[in-house]
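Using UniProt numbering, the first residue of the sequence shown is number 1, and each one after it goes up by one.
Scroll down for the structure; my scribbles are underneath it.
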Amino acid sequence: MWSFDGKIVYENIVEATEDFDNKHLIGVGGQGSVYKAKLHTGQTLAVKKLHLVQNGELSNIKAFTSEIQALINIRHRNIVKLYGFCSHSQSSFLVYEFLEKGSIDKILKDDEQAIAFDWDPRINAIKGVANALSYMHHDCSPPIVHRDISSKNIVLDLEYVAHVSDFGAARLLNPNSTNWTSFVGTFGYAAPELAYTMEVNQKCDVYSFGVLALEILLGEHPGDVITSLLTCSSNAMVSTLDIPSLMGKLDQRLPYPINQMAKEIALIAKTAIACLIESPHSRPTMEQVAKELGMSKSSLVY
């Protein structure tokens with residue numbers, strides 16, 4: 001199948017997960033279930049087993065191939081590493097690096113973990129996702145649109161470094177064809193224009209990033225904030241938004257930020273709000289967002 005630290009074959013994965021027993025299950029998504037697999041070598045992997053339909057075929061072969069195509073050549077500090085894949089008559093799966101802290105969604109729902117995930121790692125996680133999306137949109141050829149950015153699909157390692165994961169909905173934008181598709185994504189994160197158009201472009205990811213960034217700052221999905229933004233004029237939204245009011249909604253499980261930390265969080269909040277502008281053309285690009293948040297892209301690519 002592939003080689004690293006010796007040969008890994010289908011049987012090794014089945015054995016490590018005890019034939020995909022639920023006790024090894026660490027997450028379930030739209031395209032598959034994710035299991036923790038500890039090999040005899042001591043290496044721990046994340047194995048995404050694709051859902052099957054009754055006749056034993058993959059429920060979404062397109063998602064399987066999309067994920068492989070999107071990740072096979074990507075090397076970025078903030079994007080999960082795909083080690084290999086297996087297409088088998090009984091089960092098909094993708095094998096990734098295992099990230100110990102799990103998804104931001106799970107962390108924010110657990111008070112103890114959320115408190116440990118304090119302002120410094122939260123800020124760095126937001127910047128990391130911004131850099132990953134900027135890389136995908138502007139440095140990959142063809143550009144890659146993730147289409148399902150949410151707190152469930154951002155996973156942290158032991159050092160709280162954020163990694164974008166779950167590329168089953170990803171699209172490689174072909175400049176020589178139309179990029180239209182059926183709806184994918186997660187409600188509450190999907191851009192509003194997807195209600196009336198199915199054209200895929202980078203601005204869909206920009207909107208989802210804005211939701212995610214606010215969720216990390218507030219400690220919960222920012223649904224009420226987004227609803228209030230929809231009553232604003234798109235062009236005037238950023239300038240008229242009451243940032244101090246938004247700062248008052250920050251995750252109260254953490255100490256209120258002061259001095260430079262408070263300024264940085266206010267900048268992130270303002271940038272996130274710009275990403276949520278209703279008109280896609282008025283939103284910044286992820287390259288602009290990454291630069292605004294003050295982090296060099298080049299230092300994150302290897």
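Ideal placement from N, C-alpha and C gives every residue a C-beta, glycine not left out.
The structure displayed is predicted, hence computed values, not measured ones.
Residue environment, residue i, which counts as buried when at least 16 other CB atoms sit within 10 Å
i: Gly168; result: buried
i: Phe187; result: exposed
i: Gly42; result: exposed
i: Ser165; result: buried
i: His88; result: exposed
i: Thr178; result: Since pLDDT at Thr178 reaches only 49, below the 50 mark, its modelled position is unreliable, and the value read off the structure follows with that caveat. Burial call: exposed.
i: Ile258; result: exposed
i: Tyr196; result: exposed
i: Arg75; result: exposed
i: Pro222; result: buried
i: Tyr135; result: buried
Residue span of the alpha helix (DSSP H) that contains residue i, given as start and end
i: Val206; result: Gln202 to Leu218
i: Gly223; result: Gly223 to Leu229
i: Phe117; result: Looking at the DSSP string, Phe117 is not in any alpha helix (DSSP H), and its letter there is neither H nor E.
i: Lys263; result: Asn259 to Cys275
i: Glu15; result: Tyr10 to Ala16
i: Gln288; result: Met286 to Glu292
i: residue 314; result: No information on residue 314 is available, as it lies outside the stretch 1 to 302 that the chain covers here.
Check whether residue i and residue j have beta carbons under 7 angstroms apart
i: Ile216; j: Arg77; result: no
i: Arg283; j: Lys203; result: yes
i: Ala213; j: Ile268; result: yes
i: Phe93; j: Lys48; result: yes
i: His146; j: Asp105; result: no
i: Tyr35; j: His51; result: no
i: Leu158; j: Glu100; result: yes
i: Met261; j: Leu133; result: no
i: Lys249; j: Leu229; result: no
Identity of the residues DSSP links to residue i by a beta bridge
i: Arg171; result: Val145
i: Leu156; result: Gly102 and Ala162
i: Phe85; result: Leu94
i: Ile79; result: Val164
N- and C-terminal bounds of the beta strand (DSSP E) containing residue i
i: Ser33; result: Gly32 to Lys38
i: Tyr96; result: Phe93 to Glu97
i: Cys140; result: Here Cys140 belongs to no beta strand (DSSP E), and DSSP marks it neither H nor E.
i: Leu50; result: Thr44 to Leu50
i: Ile26; result: Leu25 to Val28
Close-in-space but distant-in-sequence residues of the same chain around residue i (CB under 6 angstroms, 5 per side omitted)
i: Gly102; result: none
i: Leu191; result: Rather than Leu, the amino acid found at residue 191 in this sequence is Ala. These residues qualify, in order along the chain: Cys204 and Tyr207.
i: Gly210; result: Ala272, Cys275 and Leu276
i: Thr44; result: Lys38 and Phe98
i: Ser150; result: Thr186 and Tyr189
Close-in-space but distant-in-sequence residues of the same chain around residue i (CB under 7 angstroms, 5 per side omitted)
i: Ala16; result: Ala37, Lys38 and Leu39
i: Gly128; result: Asn78, Val161 and Ala162
i: Phe117; result: Ile107 and Tyr160
i: Lys291; result: none
Cutoff 7 angstroms: residue i Cβ touching any chain C Cβ
i: Leu250; result: The structure shown contains no chain C; it is built from a single protein chain.
Contacting residues, own chain, Cβ-Cβ under 8 angstroms from residue i (five flanking each side not counted)
i: Leu293; result: Ile126, Lys127, Ala130, Leu267, Ile268 and Thr271
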